[in-house]
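Residues in the sequence shown are numbered from 1 upward in steps of one, following this note's numbering. Virtual Cβ for every residue (Gly too), placed ideally from N, Cα, C. No experiment lies behind these values; they were computed from the predicted model shown. Since the structure comes first, as structure tokens, the remarks are kept for the end.
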Amino acid sequence: MTMNMPAKNAASVATQEPAKTAISALWRPALGQAFVKLDPRQLQRSPVMLVVELTAILTTVLCFVPDTAVPTFVAVQIAVWLWFTVLFANFAEALAEGRGKARADSLKAGSEGLSARRKEADGSFKVVPATSLRKGDVVRVAAGEMIPGDGEVIEGIAAVNEAAITGESAPVIRESGGDRSAVTGNTRLVSDWLLIRISANPGESTLDRMIALVEGAKRQKTPNEVALDILLIGLTLIFLLVVVTLQPFAHFANGSLPLVFLVALLVTLIPTTIGGLLSAIGIAGMDRLVRLNVIAKSGRAVEAAGDVHVLLLDKTGTITFGNRRCAAVLAAPGVSGRDLAEGALLASLADDTAEGKSIVEYLRALHPQAEPTLDQLTAVPFSAETRLSGVDYQGRVYRKGAVDSLLAFIGQQRRDLQPALSREIDKIAQSGGTPLLVCADGKLLGAIHLKDVVKPGIRERFAELRKLGIRTVMVTGDNPLTAAAIAAEAGVDDVLAEATPEKKLARIRHEQNDGRLVAMCGDGANDAPALAQADVGMAMNDGTQAAREAANMVDLDSDPTKLLDVVQIGKELLVTRGALTTFSIANDVAKYFAILPALFAAIYPQLGVLNVMHLQSPQSAILSAIVFNALIIVVLIPLALRGVRVQAASAAALLRRNLLIYGLGGILVPFVGIKAIDMLLTALHLV
Ligand SMILES: Nc1ncnc2c1ncn2[C@@H]1O[C@H](COP(=O)(O)OP(=O)(O)OP(=O)(O)O)[C@@H](O)[C@H]1O
Ligand SMILES: [K+]
Ligand SMILES: [Mg+2]
Numbered sequence: 001m002t003m004n005m006p007a008k009n010a011a012s013v014a015t016q017e018p019a020k021t022a023i024s025a026l027w028r029p030a031l032g033q034a035f036v037k038l039d040p041r042q043l044q045r046s047p048v049m050l051v052v053e054l055t056a057i058l059t060t061v062l063c064f065v066p067d068t069a070v071p072t073f074v075a076v077q078i079a080v081w082l083w084f085t086v087l088f089a090n091f092a093e094a095l096a097e098g099r100g101k102a103r104a105d106s107l108k109a110g111s112e113g114l115s116a117r118r119k120e121a122d123g124s125f126k127v128v129p130a131t132s133l134r135k136g137d138v139v140r141v142a143a144g145e146m147i148p149g150d151g152e153v154i155e156g157i158a159a160v161n162e163a164a165i166t167g168e169s170a171p172v173i174r175e176s177g178g179d180r181s182a183v184t185g186n187t188r189l190v191s192d193w194l195l196i197r198i199s200a201n202p203g204e205s206t207l208d209r210m211i212a213l214v215e216g217a218k219r220q221k222t223p224n225e226v227a228l229d230i231l232l233i234g235l236t237l238i239f240l241l242v243v244v245t246l247q248p249f250a251h252f253a254n255g256s257l258p259l260v261f262l263v264a265l266l267v268t269l270i271p272t273t274i275g276g277l278l279s280a281i282g283i284a285g286m287d288r289l290v291r292l293n294v295i296a297k298s299g300r301a302v303e304a305a306g307d308v309h310v311l312l313l314d315k316t317g318t319i320t321f322g323n324r325r326c327a328a329v330l331a332a333p334g335v336s337g338r339d340l341a342e343g344a345l346l347a348s349l350a351d352d353t354a355e356g357k358s359i360v361e362y363l364r365a366l367h368p369q370a371e372p373t374l375d376q377l378t379a380v381p382f383s384a385e386t387r388l389s390g391v392d393y394q395g396r397v398y399r400k401g402a403v404d405s406l407l408a409f410i411g412q413q414r415r416d417l418q419p420a421l422s423r424e425i426d427k428i429a430q431s432g433g434t435p436l437l438v439c440a441d442g443k444l445l446g447a448i449h450l451k452d453v454v455k456p457g458i459r460e461r462f463a464e465l466r467k468l469g470i471r472t473v474m475v476t477g478d479n480p481l482t483a484a485a486i487a488a489e490a491g492v493d494d495v496l497a498e499a500t501p502e503k504k505l506a507r508i509r510h511e512q513n514d515g516r517l518v519a520m521c522g523d524g525a526n527d528a529p530a531l532a533q534a535d536v537g538m539a540m541n542d543g544t545q546a547a548r549e550a551a552n553m554v555d556l557d558s559d560p561t562k563l564l565d566v567v568q569i570g571k572e573l574l575v576t577r578g579a580l581t582t583f584s585i586a587n588d589v590a591k592y593f594a595i596l597p598a599l600f601a602a603i604y605p606q607l608g609v610l611n612v613m614h615l616q617s618p619q620s621a622i623l624s625a626i627v628f629n630a631l632i633i634v635v636l637i638p639l640a641l642r643g644v645r646v647q648a649a650s651a652a653a654l655l656r657r658n659l660l661i662y663g664l665g666g667i668l669v670p671f672v673g674i675k676a677i678d679m680l681l682t683a684l685h686l687v
């Protein structure tokens, strides 16, 4: 039986890193695409460009209608440059899509022909195509095989190579229970076997999302883009009105403006620069995100990231490495080490969280003892609500859990605790560790020290966030002392300790009610509601499937500090769009004053004083403006694709700076550019 072809090497897919696709290799296919995109059905996504295409068609027709006022060779040049305007905008979009296309193609190729071993109702396994898997199906995957879809590990532990999706070739461990249970389709098992419950229907998987994200033009417009589109359509209508009313003015002075000129004038005045580059800016922004190994479920989330004020981070697994491990057990005064070891082991035997497993491992190594089998125990699984776990065994109740929760469970107060044990607990917490208490039948047996390590470099990233005006808040189910110790080490601005899922959710709602946009990073199943509520919810890829589903972003590298880069990308996206819109509109206003005097000079000689640019003739003025209008799109393509760099500064300072550069620049550049083109066209005898 051939299973899903491990020969289709995952690593070979990953080597086609989009970042390494040079622009030089992309512009050729983009050139072809620019013509394909002339199809009005495609162009209607960009209303301004559709108007330009209509004027290009009209002007082309007018070339065949002799007009004494406009020499045919000038009319032809205008028509050609109008077509160029549309082509340049199409080229920009195609170029932006190019990198993503290459990535999408390699991702698709990697998933073709995959099959799966699905568990049937009678318990047998049947080989089916991966595309036929539905949410809830259970599949078995063995070493060397590809995981056929996103899902949750329900049995087994194995090493998985996720290079095809993340580009990271070091295998990661996936196991049932706990916070490392989510697997991604199209990744390869390199050891052992897993039983996986599929969690996504066809078309909804991580892979599908990645493909949709990088396939540019098919993506949905964000609310911001839609709003800008409406503004651009409004401006187009206003200028249409302006141009239409020019003819009566000309008639009034017994003059006339050729139709070709009016049509061309309309194009120079409507916001073609931003209209032509808008789509490319959005696609390029998403592409930057994909290259960062972050998958966003919507463009809206990325834009929200650009405006985030507060960042909530889960402690375990996000700020720390998250493999909270048992480092020591401490018996309560009057309790033997043997009794504590027995109680702690029993309370952990049925606990499949990472913490529970580490306690069992620790005790088996240090205090070997006879163990009951699992079917002799009644398991009480850990929950973030109770913060307790354990078993009932032979009529006795074994529990372990957070200090306050366990004390409440056995009806004790913190102040009733023996001072020696109390001191030990505080010591564990002050060192950043997590203390658990263990009890059997209401009697305290002692404490367990769970250790975790703060991820390196996290402090520096938080400092950078602070410079961008973003406040960081650590939320944790842990006790206040541990929370404070880790918070101090990581350098967060605020802490919320002993947080249940409800408390996390309430904190986010509270910030949102105060008008702040909230981002949240988390990995656990108990983080899912908060991730869903946050404006930007980023789940760690190696976390739980619940978190990945609730979030609107997934970081494939499971690096929470990546949110900083996402914020940066969001800001760049917003600033780039804003800057080019400012530039485009300033440009159009300037063109109005640059061309009109030249156009009307013959009809209203008094306008001569306004003709500061001394353009050669009305036809040279109009042609120069059209050429400038087309070329400025090409000139700005690199900026649209690369994005405007954003320094750590307040939003107001950013706005001031950009208004100055792109607003003032937008007014001045057309005067210089049109004059230069006018001189060149005249010298070449083209007008
Ligand atoms: N397996 C377990 N059994 C019993 N108690 C546990 C277990 N794991 C954790 N606890 C206790 O429950 C508390 C909450 O744990 P949980 O994993 O829900 O925290 P959290 O809300 O995800 O926040 P963070 O992950 O940042 O600590 C822990 O601080 C610990 O005291
Ligand atoms: K224009
Ligand atoms: Mg957690």
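Nearest-angstrom Cβ-Cβ length linking residue i and residue j, presumed shorter than 8 Å
| i | j | result |
| --- | --- | --- |
| D179 | D523 | 5 Å |
| A742 | V567 | As shown, the chain starts at 1 and ends at 687. That puts residue 742 outside it, with no answer to give. |
| L615 | D678 | 5 Å |
| L82 | V52 | 6 Å |
| T272 | F583 | So it is not a contact: roughly 12 Å between Cβ atoms. |
| P560 | P529 | Between P529 and P560 the Cβ distance is about 18 Å, and since that is not below 8 Å, they are no contact. |
| G477 | A384 | 6 Å |
Residues near residue i by beta carbon distance below 8 Å, same chain, minus five either side
| i | result |
| --- | --- |
| L95 | I23, L26, W27, A30, A280, I637, L641 |
| A344 | V329, I359, L363, K400, V438, L445, G446, I448 |
| E175 | V153, G156, I157, A158, S181 |
| L574 | N224, E303, G306, D307 |
| M1 | The predicted model places M1 with a pLDDT of 38, which falls under 50 and marks its position as unreliable, so this point remains unresolved. |
| L505 | P529, A530, Q533 |
Alpha carbon of residue i to alpha carbon of residue j, nearest angstrom
| i | j | result |
| --- | --- | --- |
| E511 | V495 | 14 Å |
| I585 | N513 | 35 Å |
| A7 | S106 | Only weak support is given to the placement of A7: the predicted model assigns it a pLDDT of 36, under 50, and the value that follows is read from those uncertain coordinates. One C-alpha to the other measures close to 15 Å. |
| F64 | R656 | 49 Å |
| G537 | I295 | 11 Å |
| L692 | R577 | The requested residue 692 does not occur in the structure, where the chain is confined to residues 1 to 687. |
| V243 | F600 | 13 Å |
| V545 | T187 | Inspection of the sequence shows that residue 545 is occupied by Gln rather than by Val. Taking the straight line joining both Cα atoms gives about 15 Å. |
| Q418 | A490 | 32 Å |
| A75 | L38 | 21 Å |
| A395 | T206 | The displayed chain sequence assigns Gly, not Ala, to residue 395. Their backbone Cα atoms lie some 46 Å apart in a straight line. |
| G337 | S124 | 47 Å |
| D339 | L366 | 14 Å |
| L660 | A579 | 10 Å |
| A487 | L346 | 33 Å |
Which residues DSSP lists as bridging residue i, in chain order
| i | result |
| --- | --- |
| F125 | K119 |
| T472 | L311 |
| G515 | Answer by DSSP bridge pairing: none, since G515 is not bridged. |
| G435 | With the sequence shown as reference, residue 435 is identified as Pro, and Gly is not the correct amino acid for it. Paired residues: H449. |
| D494 | V473 |
| V294 | D555 |
| L641 | According to DSSP, which records beta bridges pairwise, L641 is partnered with nothing at all. |
| A440 | Y398, K443 |
| V172 | V160 |
| I198 | G151 |
Neighbourhood of residue i by C-beta distance below 7 Å, restricted to the same chain and skipping five residues each side
| i | result |
| --- | --- |
| E342 | Q369 |
| L465 | L311, T472, L564 |
| K135 | I198, S199, A200, N201 |
| Q376 | Y393 |
| N629 | T85, V267, T268, T272 |
| T581 | L228, I274 |
| E424 | L330, A447 |
| T60 | A79 |
Any non-hydrogen atom of ligand 4 within 7 Å of residue i CB
| i | result |
| --- | --- |
| I270 | Although ligand 4 was asked about, the structure shown includes only ligand 1, ligand 2 and ligand 3 as ligands. |
Contact set for residue i: own chain, Cβ-Cβ below 6 Å, skip 5 residues either direction
| i | result |
| --- | --- |
| A190 | According to the sequence displayed, residue 190 carries Val and not Ala. Excluding sequence neighbours, V190 sits near A159, N161, P171. |
| L194 | V141, V153, G156, A158 |
| V669 | none |
| K221 | none |
*What are the uninterrupted segments assigned as beta strand (DSSP E) that are 3 or more residues long and contained completely in the region 525-599, given in chain order?*
536-540, 553-555
*Unbroken beta strand (DSSP E) runs of length 3 or more, entirely within the region 86-165: which are they?*
115-119, 125-129, 138-142, 151-155, 157-161
*Only counting runs of 3 or more residues, tell me where the beta strand (DSSP E) segments fall wholly within the region 349-417, in order along the chain.*
Positions of the beta strand (DSSP E) runs, each at least 3 residues long and wholly inside the region 349-417, are given as 378-380, 388-393, 396-402 in order along the chain.
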